[in-house]
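So the sequence shown is numbered by our numbering: it starts at 16 and just counts up by one.
Have a look at the structure below before the remarks.
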Amino acid sequence: MDMISIPPFLDDTGFLQLDAYVTEQPDSRIVLAAGANTWASAGALVALRGLVDDLYATGRAVSLALPSSSSAALRFVTSGLSLGLPISGEVRSSVSGWAGVPILELRDARDAERFAGEVFVAARSAGSPDATFIAQAAGELAANGVTHSGSPSTFAVFEYDEAGYELAVVDRGVGIRQTWSARFSVSTDADALLASVSLLPSPEPRGLGLPFLAARTAASGVELVLRSGRHGIRIRHRHPWLEELASPLPGTFAIVRNHPA
């Protein structure tokens, strides 16, 4: 049995390191030990849910040891991460700790539409002037996951607080490069990511959802993050930049947020 420690602070960048480590472990039983964790971002939690689903698909048993911190334990549970997982530890509160839409498993276009609708209601209830845009982003990213990933499940989440909001969608499917290489001339993950958000003319018909989403986020100061394979791309304030990942990431991990990472 492998005991995998979840760090005290887990954001989407920290998840990438955790993902690389977990997927290398050979044991058929894995315990995600979150005892020391005090906070995890919405993006990290939904990505962790996708990883757990991937581990189950390979026949491995996964359990979760909740954080010792009562607020962190509540966050792990009310986010929807722990659904279906054997857990140890306790939650010492009955008050919901999640503002937004907890983690949903999406399997088809109808699920993607339902998620976008719930995001709109949550964002509007929070008084966000960007509720329509956030829902459009949710619909685009969720639809891409269920339509193109080749994975049986896509996972999505939306959270808001006084600092802003974070929308995240993750799948463990074929990734952006394989999706694009079937129709376009792309040879690397970086090329595929750049092509996916480009408004430049294309030799073949293509959807314009991601390019317009990228343009909107770039113009408004909202950040769009896409990671797949060995690269990621961040777009904020009209400045896209590529990042090279230390280990390949299965599928696609997408985030839209209006607060600092």
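Ideal placement from N, C-alpha and C gives every residue a C-beta, glycine not left out.
Assign residue i to one of two classes, buried (16 or more other C-beta atoms within 10 Å of its C-beta) or exposed (fewer than that).
i    : result
A72  : exposed
G236 : exposed
F170 : buried
V136 : exposed
Y36  : exposed
In the DSSP assignment, the beta strand (DSSP E) including residue i goes from what residue to what residue?
i    : result
S20  : D17 to S20
H254 : H254 to R272
A171 : T169 to D176
D186 : G179 to D186
R245 : E238 to R251
L156 : Where L156 is concerned, there is no enclosing beta strand (DSSP E), although the alpha helix (DSSP H) it sits in stretches over A146 to H163.
For the alpha helix (DSSP H) holding residue i, just list the boundary residues, first then last.
i    : result
V61  : A57 to A72
S211 : D204 to S211
P226 : G224 to S235
Helix, strand or coil: which one does DSSP assign to residue i?
i    : result
D27  : helix
S84  : coil
E39  : coil
G115 : strand
S166 : coil
L89  : helix
One question on the structure: do residue i and residue j come within less than 9 Å of each other, judged by their Cβ atoms?
i    : j    : result
V134 : A150 : yes
G188 : G266 : yes
P101 : N52  : no
F268 : G58  : yes
E174 : G115 : yes
A205 : S196 : no
Check whether the Cβ of residue i lies closer than 8 Å to any heavy atom of the ligand SAH, and answer yes or no.
i   : result
A49 : No copy of the ligand SAH occurs in the structure displayed, which carries no ligand at all.
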